[in-house]
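Report on the structure given below.
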Amino acid sequence: MATTPPSTAAGRAAFADATASDATLRRFLHGLPGVDAVGLEARAAALGTRSIKTTAKAYALDLAISMIDLTTLEGADTAGKVRALGTKAVHPDPTDPETPKVAAVCVYPDMVATAKQAVGGSGVKVASVATAFPAGRAALEVKLADVRDAVAAGADEIDMVIDRGAFLSGRYLKVYEEIAAVKQASGAARLKVIFETGELSTYDNIRRASWLGMIAGADFIKTSTGKVAVNATPANTLLMLQAVRDFRTQTGVQVGVKPAGGIRTAKDAVKFLVLVNETAGGDWLDNHWFRFGASSLLNDLLMQRQKLSTGRYSGPDYVTVD
Amino acid sequence: MNTPLSSSAFEYAPAPESRSLVDIAPSYGLFIDGEFTEAADGKVFKTVSPSSEEVLSEVSRAGAADVDRAVAAARRAFASWSALPGAERAKYLFRIARIIQERSRELAVLESLDNGKPIKETRDTDLPLVAAHFFYYAGWADKLEHAGFGAAPRPLGVAGQVIPWNFPLLMLAWKIAPALATGNTVVLKPAETTPLSALFFADICRQAGLPRGVVNILTGYGDTGGALVAHEDVNKVAFTGSTAVGKQIARTVAGTDKKLTLELGGKGANIVFDDAPLDQAVEGIVTGIFFNQGQVCCAGSRLLVQESVEEELLDALKSRLSTLRLGDPLDKNTDIGAINSAEQLARITSLADRGEAEGAERWTADCPLPSAGYWFAPTLFTKVTQAHTVARDEIFGPVLSVLTFRTPEEAVAKANNSAYGLSAGIWTEKGSRILAVAERLRAGVIWANTFNKFDPTSPFGGYKESGYGREGGRHGLEAYLDV
Amino acid sequence: MSDKSAKAPQKPAKPGRSAKAAKKDQPGTGAGTATAPARPGRLAVFKTYKLYVGGKFPRSESGRVYEVTDSEDQWLANAPRASRKDARDAVVAARKAFGGWAGKTAYNRGQILYRVAEMLEGRREQFTEEVAAAEGLSRAAAAEVVDAAVDRWVWYAGWTDKVAQIVGGGNPVAGPFFNLSSPEPTGVVTVLAPQESSLLGLVSVLAPVIATGNTAVLVASEKAPLPALSLAEVLATSDLPGGVVNILSGRTEELAGPLAAHQDVNALDLTGAEDPQLAKALEVAAADNLKRVLRPGTDGDWHADPGTHRLTAFLETKTVWHPTGSLGASGSAY
Chain Y
8 MATTPPSTAA GRAAFADATA SDATLRRFLH GLPGVDAVGL EARAAALGTR
58 SIKTTAKAYA LDLAISMIDL TTLEGADTAG KVRALGTKAV HPDPTDPETP
108 KVAAVCVYPD MVATAKQAVG GSGVKVASVA TAFPAGRAAL EVKLADVRDA
158 VAAGADEIDM VIDRGAFLSG RYLKVYEEIA AVKQASGAAR LKVIFETGEL
208 STYDNIRRAS WLGMIAGADF IKTSTGKVAV NATPANTLLM LQAVRDFRTQ
258 TGVQVGVKPA GGIRTAKDAV KFLVLVNETA GGDWLDNHWF RFGASSLLND
308 LLMQRQKLST GRYSGPDYVT VD
Chain G
13 MNTPLSSSAF EYAPAPESRS LVDIAPSYGL FIDGEFTEAA DGKVFKTVSP
63 SSEEVLSEVS RAGAADVDRA VAAARRAFAS WSALPGAERA KYLFRIARII
113 QERSRELAVL ESLDNGKPIK ETRDTDLPLV AAHFFYYAGW ADKLEHAGFG
163 AAPRPLGVAG QVIPWNFPLL MLAWKIAPAL ATGNTVVLKP AETTPLSALF
213 FADICRQAGL PRGVVNILTG YGDTGGALVA HEDVNKVAFT GSTAVGKQIA
263 RTVAGTDKKL TLELGGKGAN IVFDDAPLDQ AVEGIVTGIF FNQGQVCCAG
313 SRLLVQESVE EELLDALKSR LSTLRLGDPL DKNTDIGAIN SAEQLARITS
363 LADRGEAEGA ERWTADCPLP SAGYWFAPTL FTKVTQAHTV ARDEIFGPVL
413 SVLTFRTPEE AVAKANNSAY GLSAGIWTEK GSRILAVAER LRAGVIWANT
463 FNKFDPTSPF GGYKESGYGR EGGRHGLEAY LDV
Chain H
79 MSDKSAKAPQ KPAKPGRSAK AAKKDQPGTG AGTATAPARP GRLAVFKTYK
129 LYVGGKFPRS ESGRVYEVTD SEDQWLANAP RASRKDARDA VVAARKAFGG
179 WAGKTAYNRG QILYRVAEML EGRREQFTEE VAAAEGLSRA AAAEVVDAAV
229 DRWVWYAGWT DKVAQIVGGG NPVAGPFFNL SSPEPTGVVT VLAPQESSLL
279 GLVSVLAPVI ATGNTAVLVA SEKAPLPALS LAEVLATSDL PGGVVNILSG
329 RTEELAGPLA AHQDVNALDL TGAEDPQLAK ALEVAAADNL KRVLRPGTDG
379 DWHADPGTHR LTAFLETKTV WHPTGSLGAS GSAY
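Chains as they are written, first to last, in the numbering used here: chain Y, 8 to 329; chain G, 13 to 495; chain H, 79 to 412.
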């Protein structure tokens, strides 16, 4: 039940004063409520104890599959690898045509065209990382060219990285302007803004980055590149879900959330869905508003799904290796 | 039963813990001198499950003669128990701690059935704390001369202990573990609505090989407790429960040599400043007043919120409360279980009605209640002032009174304006304010940027009419030593 | 008004008894106050003994006094016979002083208690006279008592900034929390001073109460209140804020009843309640607001090492929790 977001321009216009200068932006971001790390993690852990069984589990597994951005972001990626991924995205479980398709495949810009071909008219989206992913260490023009290239090749979604160096040194306006520029360059493609939460390190920073990204025009806020030690965690995702919830309350604009990296089991994925359900709420329980950036997660979801339908535990030989 | 308060696409299917984990006998006797025995006058009473009103078992109702027998057994056991080397007493307590860990799921299910609290809490809070408490005090048994109470501190003798129904097994642990570690023997009376876990504990004592008479369990009503605390051969009285009964016990032991500790009621203030970590504050408020259905002496039952964030906080709180899941205590996803008894439900209902009658604004989560059992939906009162009954009386239920303040001075003044002084909460990101406010609050336990945390090493107890003495930590030894 | 006090004439109107007292206290110092040897035949100036409430020296609001005699039943002075209203005023004064006194640094309280010792030392002669008269001791024995009382103030002066380290501390909870227990004063403490030991016993029960930051309403020994009333003069000149110690003389039972029942008193030291029935009745009354009660105990020998039990008897333990957690987001490498 994807809903069309209200005019983002109107909702976000309220922040014109905040984004007037580095100083005002800093004041705004530092005025957001603080985050107590222990309390946040305790809440995430408590939600992790929800027991999702039978019908609820069936619903959650299918929902999780439908939310996957099936990802390959390797230097060794080839057209063959991407085609295999695209096929898997459309037909995750060849033995059961009822299995939902994943949300998107996520590749580097030079693989976008191949991926588009592989998913064909299935409805599976193609997302491309861009902006000198994963470090983001390039001139703005280079990053924008990266984005335009991906969009031109047919990317439906752009996953950009923020300039963590600028963020950590307090140059929030630079980060803001870069996101805004990328948003413009993305055109009709939906923009996911990756914070690399493992590098921002503190929860206060993650909350600030979330608001900064949302003000600047993010359609999604995303935890991580999957390329650093700490990627998506229940706590940082919970925090970002609080941010999108509060942002919608304040502006009427709904923004999606994408935890990425490190979510490998169905059990973990279901816990994230519980976080969504009890924090942002049912409006986000749709792949238009919530995604998992993952690769190996899909097979575990498929094995669990088989177990639910047959009553037997499945094994890795009964899902496809791509 | 397990209906979420707001509908969403993601409906959690029932996930009940298995009732068959626990085998409840149709009847239980009193545990005296290592054996189960009927009451001298043969009286019994029934214990029901508050979530279904199903009769769980029939237990003996101890009278004065049984109190005599139990105290005599404890007295006989005292000589050898207190003479045992501390290291040996320690090993008994370690055994008990381990057996509790082994049987913790069984005990968690039992406690949820008899008390009505969610399995999530008995499993994740009560039982781990019970085992930890025995483990902690076990280690003290052979180290008492290092505890700061003199070179050779002596036990007092026979401890008469009366505990409430809100944390039946945990309160038992808080009473029995330090008493045994210090070399006392005990006669313990659990509450009449929750006698079962104490009787199962008797079986754990048997499994641990605890010498007979060291622990005696007398089930019964207030008259049993009254006879126990008044018994002339009891040397130490420890009570957790209402302030009214605590005062009565203080009068009873007046003029005797009995050492007394009391852990009584509270009306904890949870103070939220405008620079608080709001999401965590909301969780802390929820934990503060809805943990164990608010049937907690240290509950944060008064929310004091700075006026500048009142609206924002209350909106967030209300939407959070709408996600609470009320229902079957054995369902693993239940957040709010049953009220412990019809009597308690009547008290909560009447105080809430009074709050409304006095003009406070009542808000209740839209929450279908099961038809059988005793239930009360999470409730907020806003526009509460210091003069409202709901701001002064301990409700002991899932009812939060919301008051506002403008300055830290006002917050402290309002927080302290109570006959109680058990707990308080402070929510602010400003470190110096935490310390300044904590120093001025007249309460025994202060949670800053957290709430309702417990640990065996951490002393717990109140100021003013919340009682005296401390349980937990090194401090908790003092109540059971001749110092 | 009752018994003798109603009819109590002014001191000079009791020539017989005062003459005896004067004779005993040669050379003519009169009751209580030691002074330099007077001219032969000079008439001594008597001291009017008063209560000590809120840093002031009022007479009893009742206007009553009672006769205080020495161990041989010789008249020493008329002491004010405080009423329940005086007790009430004393509680108000003690409550008013509590925040400021408890809020002082422990070091500062120690300095003030040490100052009390200094002031008492300076009045050694006066107190020796008074204690000798009150307790029927020889001058030498009385002097020893006074010395011990001075030393006791010094002992407690040194305790003020140590007791928190003895009874408080960090608790190693099993979770990401900083957890600290510290002692705090209970509040307003009513102290029934020992009946037999008019100065050393008195100091031994009073000093630990205020050392930890409590304020006190002290009911002096009924039979021998004069050293207590004179101690007020020491306290008043020792930088001790008014109201921290309030001293009442009179009938112990009459004063203790309302104090034990007073809802703004937090604790009760029953040391001076010698009659077990009285002690029990007071403890029962104290239960109404759950006062902390120190029962009449075994402190027979006031010269013995006082230990710490009186210091800790009127302390509350406050435990404060705060989350700690990691420096960075969960699981980070920091």
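For glycine and all other residues, C-beta sits at the position ideal for the given N, C-alpha and C.
Distance check for residue j and residue i, CA to CA, integer angstroms please.
{"i": "Asp343/G", "j": "Ser64/G", "result": "13 Å"}
{"i": "Pro105/H", "j": "Pro118/H", "result": "Legend: pLDDT at Pro105/H = 42, less than 50; position of this residue unreliable, value from coordinates given subsequently. So the alpha carbons of these two residues sit roughly 8 Å apart."}
{"i": "Asp366/H", "j": "Ser478/G", "result": "12 Å"}
{"i": "Ala364/H", "j": "Gly443/G", "result": "38 Å"}
{"i": "Leu118/Y", "j": "Ser135/Y", "result": "It should be noted that the sequence gives Met, not Leu, for residue 118/Y. Taking the straight line from one Cα to the other gives about 8 Å."}
{"i": "Thr138/Y", "j": "Pro116/Y", "result": "10 Å"}
{"i": "Asn461/G", "j": "Asn284/Y", "result": "25 Å"}
{"i": "Lys174/H", "j": "Glu322/G", "result": "33 Å"}
{"i": "Ala159/G", "j": "Asp239/H", "result": "20 Å"}
{"i": "His387/H", "j": "Arg166/G", "result": "15 Å"}
{"i": "Gln313/Y", "j": "Ile270/Y", "result": "19 Å"}
{"i": "Cys309/G", "j": "Phe408/G", "result": "7 Å"}
{"i": "Gly473/G", "j": "Ala427/G", "result": "17 Å"}
{"i": "Lys58/G", "j": "Leu184/G", "result": "20 Å"}
Is the distance from the Cβ of residue i to the Cβ of residue j below 7 Å?
{"i": "Leu333/G", "j": "Ile283/G", "result": "no"}
{"i": "Gly289/Y", "j": "Lys265/Y", "result": "no"}
{"i": "Val265/G", "j": "Leu272/G", "result": "yes"}
{"i": "Ala250/G", "j": "Gln173/G", "result": "yes"}
{"i": "Val71/G", "j": "Pro207/G", "result": "yes"}
{"i": "Leu45/H", "j": "Val398/H", "result": "Residue numbering for chain H in the displayed model covers 79 to 412; residue 45/H lies beyond these limits and cannot be assessed."}
{"i": "Lys155/G", "j": "Gly349/G", "result": "no"}
{"i": "Val281/H", "j": "Ala351/H", "result": "no"}
{"i": "Pro263/H", "j": "Gly291/H", "result": "yes"}
{"i": "Leu245/Y", "j": "Leu282/Y", "result": "yes"}
{"i": "Arg159/H", "j": "Gly378/H", "result": "no"}
In three-state terms, what does DSSP make of residue i?
{"i": "His340/H", "result": "coil"}
{"i": "Pro401/H", "result": "strand"}
{"i": "Thr268/H", "result": "strand"}
{"i": "Glu275/G", "result": "strand"}
{"i": "Met167/Y", "result": "strand"}
{"i": "Leu412/G", "result": "strand"}
Measure from the alpha carbon of residue i to the alpha carbon of each residue in the options, then state which is nearest.
{"i": "Thr401/G", "options": "Leu272/G, Gly371/G, Ser254/G", "result": "Gly371/G"}
{"i": "Gly214/H", "options": "Ser276/H, Pro319/H, Ala345/H, Asp347/H", "result": "Ser276/H"}
{"i": "Glu311/H", "options": "Ala122/H, Tyr130/H, Phe256/H", "result": "Tyr130/H"}
{"i": "Leu96/G", "options": "Ala25/G, Ala193/G, His487/G, Ile360/G", "result": "Ala193/G"}
{"i": "Ser58/Y", "options": "Ala25/G, Leu33/G, Val60/G, Ala89/G", "result": "Ala25/G"}
{"i": "Ser344/Y", "options": "Thr61/Y, Ala27/Y, Ser28/Y, Asp43/Y", "result": "No answer is possible for residue 344/Y: the residues shown for chain Y start at 8 and end at 329."}
{"i": "His5/Y", "options": "Glu81/Y, Leu77/Y, Tyr320/Y, Val114/Y", "result": "Given a span of 8 to 329 for chain Y in the structure shown, any question on residue 5/Y remains unanswerable."}
{"i": "Lys259/G", "options": "Ser138/H, Ser216/H, Gly375/H, Val371/H", "result": "Val371/H"}
Mark residue i as exposed unless 16 or more other C-beta atoms lie within 10 angstroms of its C-beta, in which case mark it buried.
{"i": "Val414/G", "result": "buried"}
{"i": "His381/H", "result": "exposed"}
{"i": "Lys279/G", "result": "buried"}
{"i": "Gln219/G", "result": "exposed"}
{"i": "Leu197/G", "result": "This sequence places Thr at residue 197/G; Leu is not what is there. Its Cβ being crowded by 16 or more others within 10 Å, Thr197/G is buried."}
{"i": "Arg142/H", "result": "buried"}
{"i": "Leu393/H", "result": "buried"}
{"i": "Val328/Y", "result": "exposed"}
{"i": "Lys395/G", "result": "exposed"}
Below 9 Å on C-beta distance, what does residue i contact in chain C?
{"i": "Gly479/G", "result": "The chain inventory of the structure shown lacks chain C, comprising the protein chains Y, G and H."}
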